[in-house]
Amino acid sequence: MSKLLLDAATRRAVLARAGELIDRYVDAVPGMRVTPRAEPAEVRAHVEALSFDRPVSPEQALAHLADGLDRYQVHTPHPRYFGLFNPAPATMSIAADALVAAYNPQMATWSHSPMGVEVERYLLRALGGRFGYPAGEVDGTFASGGAEANHTAVQAALHTAFPEIGVDGLAGLGRRPVLYASAEAHHSLHKAARVSGLGESAVRAVAIDDRLRMQPAALAQLIRDDRAAGLAPFLVVGTAGTTSAGIIDPLAEIAEVAAAEGLWYHVDAAWGGAAALIPELAGCLAGIEQSDSITIDAHKWLSVPMGAGLFITRRAGALARTFATRTAYMPRPVPGAPDPYAHSLQWSRRFIGAKLYLALAVAGWDGYAEALRHQVAMGDRLRRRLPSRRWRVVNDTPLPIVCFVDPELGGQRLGMIAARVQDQGRAWLSSTRLGGATTVLRACITNAGSGPGDIDRLITELDRARANLGGGKP
Ligand SMILES: *Cc1c(COP(=O)(O)O)cnc(C)c1O
Numbered sequence: 003m004s005k006l007l008l009d010a011a012t013r014r015a016v017l018a019r020a021g022e023l024i025d026r027y028v029d030a031v032p033g034m035r036v037t038p039r040a041e042p043a044e045v046r047a048h049v050e051a052l053s054f055d056r057p058v059s060p061e062q063a064l065a066h067l068a069d070g071l072d073r074y075q076v077h078t079p080h081p082r083y084f085g086l087f088n089p090a091p092a093t094m095s096i097a098a099d100a101l102v103a104a105y106n107p108q109m110a111t112w113s114h115s116p117m118g119v120e121v122e123r124y125l126l127r128a129l130g131g132r133f134g135y136p137a138g139e140v141d142g143t144f145a146s147g148g149a150e151a152n153h154t155a156v157q158a159a160l161h162t163a164f165p166e167i168g169v170d171g172l173a174g175l176g177r178r179p180v181l182y183a184s185a186e187a188h189h190s191l192h193k194a195a196r197v198s199g200l201g202e203s204a205v206r207a208v209a210i211d212d213r214l215r216m217q218p219a220a221l222a223q224l225i226r227d228d229r230a231a232g233l234a235p236f237l238v239v240g241t242a243g244t245t246s247a248g249i250i251d252p253l254a255e256i257a258e259v260a261a262a263e264g265l266w267y268h269v270d271a272a273w274g275g276a277a278a279l280i281p282e283l284a285g286c287l288a289g290i291e292q293s294d295s296i297t298i299d300a301h302k303w304l305s306v307p308m309g310a311g312l313f314i315t316r317r318a319g320a321l322a323r324t325f326a327t328r329t330a331y332m333p334r335p336v337p338g339a340p341d342p343y344a345h346s347l348q349w350s351r352r353f354i355g356a357k358l359y360l361a362l363a364v365a366g367w368d369g370y371a372e373a374l375r376h377q378v379a380m381g382d383r384l385r386r387r388l389p390s391r392r393w394r395v396v397n398d399t400p401l402p403i404v405c406f407v408d409p410e411l412g413g414q415r416l417g418m419i420a421a422r423v424q425d426q427g428r429a430w431l432s433s434t435r436l437g438g439a440t441t442v443l444r445a446c447i448t449n450a451g452s453g454p455g456d457i458d459r460l461i462t463e464l465d466r467a468r469a470n471l472g473g474g475k476p
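In the numbering used here, the protein residues as written are 3 to 476.
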């Protein structure tokens, strides 16, 4: 039997062992340090201890990988990881992803993976419906994450506004296409502009108000000025849950500006879009239903393992217009069943939707709402408790991201507090800058298993780190 496929008895043992290791990790993670102690040389020595000249047993190989992951990663599934949107993956999603690895469906064409392609279509429509898109109009694609979904938005809007560039390129256009986003928008937009040849300066930063929300009047003015200067606006991006502070732009007012100007309107709801699944909170996304397209990451607040982004659009034909291509070597398309490779940036790709499909199938909308609601409550608990410990909350959002400062301390000291909490290993939070200026501490709840005790422990760790700072003011 081939050393790659292994004989049946060994295969059975390996898969059982992998299952045990997964199960053991999930049980153990709450008791582990959140932050690794990892020097590059030490990690490299561990990695290179497996030599490809002297193969090891399957058992040794698995143990070596799990040991390295135990020791050398920030444990994002930890209940006191209050970090950058990375969740504790849903159990059904872990199982689904393992199944997908074994079946290895090829998602390039419908004909190779009818099950996988139709599951993803079903999910895109189901989530589109939650955002208020009319059922019959929903199209979209799964992507590696929010960055790819935002890149897809830039491309779809660009090729819809200027269909001729598909063949002739931007140079033939004679005008410079520009897009609009708030100064707090995610930098994947800048990256998309850079690599697509628009240039980063094509991303026009719209002024924000004192609550860090895009100002629709400033947007309208900037578009008018740009047109007068000979630029060619094609896209407006609103953010529903900014990465730093969970701020939701005034989505409905931005929709009006975009419609009046005839521009594609994309809403980047990579993390915050999950609020659409909490009935009493969905109102905070009002206006999103008027957008042309939406980014939402299942691997953030929807608790599936990386990478799982969704680009959802109600502009029929836009994806085909942007990405369609035909070759002699690909299987012939099935009528009425679009091939993903002619519909998206990727070609061969993984069945991304399975891990969301099974999580939703088992939790249901209600189960998701309950898990998300719990996380909102944990965010509220943190927001309520911080002031009594001389922390001041500085962001205004219904979502569970809390940005806060100690008014007595400067930005550098706040950064030191975050570093010290991380170092201690009992919790993880970060620091960031709001409005390009103010340094704040930032704690986000993205783990359905984070409980009140975890929130209180974070506050204890923060107080301790501050007390240990010593020294004077800044
Ligand atoms: C995380 C994030 C992205 C990028 O998504 P990835 O999944 O990391 O590629 C884009 N926009 C916003 C608002 C985000 O929070």
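Glycine is no exception: its CB is placed at the ideal position from the N, C-alpha and C atoms.
Using the three-state DSSP reduction, which class does Asp-456 fall into: helix, strand or coil?
DSSP, read as helix, strand or coil, puts Asp-456 in helix.
Starting from His-268, trace the alpha helix (DSSP H) in both directions and tell me its first and last residue.
The continuous stretches of alpha helix (DSSP H) do not include His-268, which lies in the beta strand (DSSP E) extending over residues 266-270.
Residue span of the beta strand (DSSP E) that contains Ser-59, given as start and end
Counting along the chain, Ser-59 falls outside any beta strand (DSSP E), and DSSP gives it neither H nor E.
Taking any heavy atom of ligand 1 as the mark, which residues have a C-beta closer than 5 Å to it, listed down the chain?
This selection yields Gly-147, Gly-148, Ala-149, His-188, Ser-190, Thr-245, Asp-270, Ala-272, Trp-273 and Asp-299.
Since I believe Gly-142 is in contact with Thr-12 (beta carbons under 8 Å), could you give me their beta-carbon distance rounded to a whole number of angstroms?
Contact doesn't hold; Cβ gap of about 41 Å is too wide.
Mark Val-336 as exposed unless 16 or more other C-beta atoms lie within 10 angstroms of its C-beta, in which case mark it buried.
In summary, Val-336 is exposed, with fewer than 16 beta-carbon neighbours lying within 10 Å of its beta-carbon over all protein chains present.
Which residues DSSP lists as bridging Leu-312, in chain order
According to DSSP, which records beta bridges pairwise, Leu-312 is partnered with Phe-144 and Ile-298.
Suppose contacts are defined by Cβ-Cβ distances below 7 Å. Is Ser-184 in contact with Val-208 by that definition?
Taking 7 Å as the Cβ cut-off, Ser-184 and Val-208 qualify as a contacting pair.
Going by DSSP, which residues form a beta bridge with Phe-84?
Paired residues: none, contrary to the question.
Does Ile-403 come out as helix, strand or coil in the three-state DSSP assignment?
Ile-403: strand per DSSP, three-state reduction.
In chain order, what residues of the same chain lie with their CB nearer than 6 Å to the CB of Ile-505, ignoring the 5 residues before and after it?
This structure cannot speak to residue 505, because the chain is shown only from 3 to 476.
Starting from Pro-482 and walking both ways along the beta strand (DSSP E), at which residues does that stretch end?
Any question about residue 482 goes unanswered here, given that the chain covers just 3 to 476.
Using 8 Å as the Cβ pair cut-off and three pairs as the minimum, do the region 89-100 and the region 357-364 touch?
Flag = yes, the region 89-100 and the region 357-364 touch.
Locate the beta strand (DSSP E) running through Val-180, then write down its first and last residues.
Here the beta strand (DSSP E) through Val-180 covers 178-184.
Beta-carbon spacing of Ala-363, Ala-450 below 7 Å:
No, they are not a contact pair.
Once you ignore the five residues that flank Val-31 on each side, which residues in its own chain have a CB closer than 6 Å to its CB?
If we look at Val-31 and ignore the five residues flanking it on each side, its Cβ neighbours are His-77, Pro-79 and His-80.
Proximity below 7 Å, CB of His-268 to CB of Val-306:
Result no, Cβ atoms of His-268 and Val-306 do not sit closer than 7 Å.
Any contact between the region 395-402 and the region 46-60? By contact I mean 3 or more CB pairs, one from each, below 8 Å.
Too few Cβ pairs lie closer than 8 Å, so no.
Answer yes or no: do Arg-387 and Ile-461 have a C-beta to C-beta separation smaller than 7 Å?
Yes, the Cβ-Cβ distance between Arg-387 and Ile-461 is below 7 Å.
Does the contact criterion of 3 or more C-beta pairs under 8 Å hold for the region 212-222 versus the region 241-254?
Taking a contact to require three or more Cβ pairs closer than 8 Å, the region 212-222 and the region 241-254 qualify as touching.
Indicate whether Ile-256 and Phe-133 have their beta-carbon atoms separated by less than 7 Å.
Not closer than 7 Å, so no.
Three or more beta-carbon pairs under 8 Å between the region 144-151 and the region 196-207, yes or no?
Per the Cβ contact rule, the region 144-151 is not in contact with the region 196-207 (fewer than 3 Cβ pairs under 8 Å).
What separation, rounded to the nearest whole angstrom, lies between the Cα atoms of Pro-477 and Ala-63?
Here the chain comprises residues numbered 3 to 476, so residue 477 is not present and cannot be evaluated.
Note down the Cα distance separating Ala-145 from Ser-115, rounded to an integer number of angstroms.
About 17 Å.
Boundaries of the alpha helix (DSSP H) in which Ala-444 is found, first to last residue
Correcting the residue type first, residue 444 is Arg in the shown sequence and not Ala. Not the alpha helix (DSSP H): Arg-444 falls in the beta strand (DSSP E), residues 440-446.
Is Met-117 helix, strand or coil when you go by DSSP?
Helix, per DSSP.
Just curious, the alpha helix (DSSP H) that Leu-6 is in, first and last residue?
If you look at Leu-6, you'll find it isn't in any alpha helix (DSSP H); DSSP assigns it neither H nor E.
Does ligand 3 have a heavy atom nearer than 6 Å to the CB of Glu-41?
Looking for ligand 3 in the displayed structure turns up nothing; the ligands present are ligand 1.
With contact counted as at least three CB pairs below 8 Å, one residue from each stretch, are the region 162-178 and the region 117-134 in contact?
By the criterion of at least three beta-carbon pairs nearer than 8 Å, the region 162-178 is not in contact with the region 117-134.
Please check the pair Asp-445 and Leu-347, which I expect to be a contact at CB under 8 Å, by giving their CB distance rounded to whole angstroms.
In the sequence under discussion, the amino acid at residue 445 is Ala, which differs from the Asp named in the question. The C-beta distance from Ala-445 to Leu-347 rounds to 33 Å, too long to fall under 8 Å, and the pair is not in contact.
Using C-beta distances below 6 Å, list every residue in its chain close to Ser-295, excluding the 5 sequence neighbours before and after it, in chain order.
So the qualifying residues of the chain are Ala-155, His-268 and Thr-315.
Which residue comes first and which comes last in the alpha helix (DSSP H) that contains Leu-431?
In this chain, Leu-431 is not harboured by any alpha helix (DSSP H), its DSSP state being neither H nor E.
Measuring straight from C-alpha to C-alpha, what distance separates Ser-293 and Thr-245?
Their Cα atoms are separated by approximately 20 Å.
Quick one: using the 10 Å Cβ neighbour count with 16 as the cut-off for buried, is Asp-69 buried or exposed?
The residue in question, Asp-69, is exposed, as its Cβ has fewer than 16 Cβ neighbours within 10 Å.
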